[in-house]
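Chemist:
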Amino acid sequence: GDSVTQMEGPVTLSEEAFLTINCTYTATGYPSLFWYVQYPGEGLQLLLKATKADDKGSNKGFEATYRKETTSFHLEKGSVQVSDSAVYFCALSRTSGSRLTFGEGTQLTVNP
Amino acid sequence: GAGVSQSPSNKVTEKGKDVELRCDPISGHTALYWYRQSLGQGLEFLIYFQGNSAPDKSGLPSDRFSAERTGGSVSTLTIQRTQQEDSAVYLCASSFGGVEPQHFGDGTRLSIL
Chain A
27 GDSVTQMEGP
37 VTLSEEAFLT
47 INCTYTATGY
57 PSLFWYVQYP
67 GEGLQLLLKA
77 TKADDKGSNK
87 GFEATYRKET
97 TSFHLEKGSV
107 QVSDSAVYFC
117 ALSRTSGSRL
127 TFGEGTQLTV
137 NP
Chain B
137 GAGVSQSPSN
147 KVTEKGKDVE
157 LRCDPISGHT
167 ALYWYRQSLG
177 QGLEFLIYFQ
187 GNSAPDKSGL
197 PSDRFSAERT
207 GGSVSTLTIQ
217 RTQQEDSAVY
227 LCASSFGGVE
237 PQHFGDGTRL
247 SIL
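These protein sequences, in sequence, are chains A and B. In terms of this note's numbering, the first sequence opens at residue 27 and continues consecutively. In terms of this note's numbering, the second sequence opens at residue 137 and continues consecutively.
#1: Determine whether the beta carbon atoms of B:Ala203 and B:Ala224 lie at a separation below 8 Å.
#2: To the nearest angstrom, how far is it from the Cα of B:Val140 to the Cα of A:Ile47?
#3: Out of A:Leu101, A:Lys94, A:Arg125, A:Lys86, which one is the CA nearest neighbour of A:Met33?
#4: Kindly list the residues whose CB is nearer than 7 Å to the CB of B:Ile248, restricted to its own chain and excluding five residues on each side of it in sequence; keep chain order.
#5: Quick check on B:Gln142: does DSSP put it in helix, strand or coil?
#6: Does chain B have any CB closer than 8 Å to the CB of A:Glu130?
#7: Helix or strand or just coil, what does DSSP make of A:Glu41?
#8: Helix, strand or coil for A:Val108? Go by DSSP, reduced to three states.
#9: CB A:Gln64 to CB A:Val113, shorter than 8 Å?
#10: My output table needs one value for B:Cys220: the three-state DSSP class, helix, strand or coil.
#11: Nearest-angstrom Cα distance between A:Ser40 and B:Lys193?
#12: Counting C-beta neighbours from all protein chains within 10 Å, is the total for A:Thr132 16 or more, i.e. buried, or is it exposed?
#13: Mind checking which residues open and close the beta strand (DSSP E) that includes A:Pro138?
#14: Label A:Phe44 either buried or exposed according to how many other C-beta atoms from any shown protein chain fall within 10 Å of its C-beta, with 16 as the threshold for buried.
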């Protein structure tokens, strides 16, 4: 079945550091890929998405590129801020209108 | 515009009681999803509605769980004879369907004593 694997957390960084959170997936066909972010006490917010190979999703300084050859969708940001502290979830959707399959989530803490 | 609204935000109940959780999707969204988020299990899919029909209910963990959607809008998730393992945050999401991304509510935190 479909699965998503994220790098183990938690991740702790200093402000302005470079961020990478690794995500790899297993799925048949060509899934759509997503990164969601969850702030304390809140639901999930869509951060970015990519729907086909080599697409790059970007938002709020975060980027991720859909790499079919390595089945990966790693999240990057060049300079993190304290306000980026949250839990980040990688997810896939295999067919239109279907469920999201989530990774385990990665807790990010950014210290001033 | 208004996002996905869930109520109540918190629910504490005794083991064995029934509970109902409500989800108001974004206006115009035809697809609606329920997920459960719990420690150790991560985010699990429960059920998917397209309009008032549920083409995928394969994630419901037992026959104590049921859900319905009326008027292509509001959905209710019902858990009968609650057990302690039902304690979790229940998240609702909606979308325009197809490959459009899902938008989540803030969830209902359910605690079973």
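Note that CB positions come from ideal geometry on N, CA and C, so glycine has one too.
Modeler: With the given structure in hand:
#1: With a cutoff of 8 Å on beta-carbon distance, B:Ala203 and B:Ala224 are scored as not near each other.
#2: Counting only the Cα atoms, A:Ile47 lies some 28 Å from B:Val140.
#3: Minimum Cα distance to A:Met33 is reached at A:Leu101.
#4: In its chain, beyond the 5 residues on either side, Thr149, Lys151, Thr218, Gln219, Gln220, Asp222, Ser223 have a beta carbon closer than 7 Å to the beta carbon of B:Ile248.
#5: Note: B:Gln142 maps to strand in three-state DSSP.
#6: True, the Cβ-Cβ gap to chain B drops below 8 Å.
#7: Coil.
#8: Three-state DSSP puts A:Val108 in a helix.
#9: Closer than 8 Å, so yes.
#10: The amino acid occupying residue 220 of chain B in the given sequence is Gln; Cys does not appear at that position. In the three-state DSSP reduction, B:Gln220 falls in the helix class (H, G or I).
#11: For A:Ser40 and B:Lys193, the distance between alpha carbons rounds to 43 Å.
#12: In the assembly as shown, A:Thr132 is a buried residue. Its beta-carbon has 16 or more other beta-carbons within 10 Å.
#13: Element bounds for A:Pro138: n/a, residue is neither H nor E.
#14: Classification for A:Phe44: exposed.
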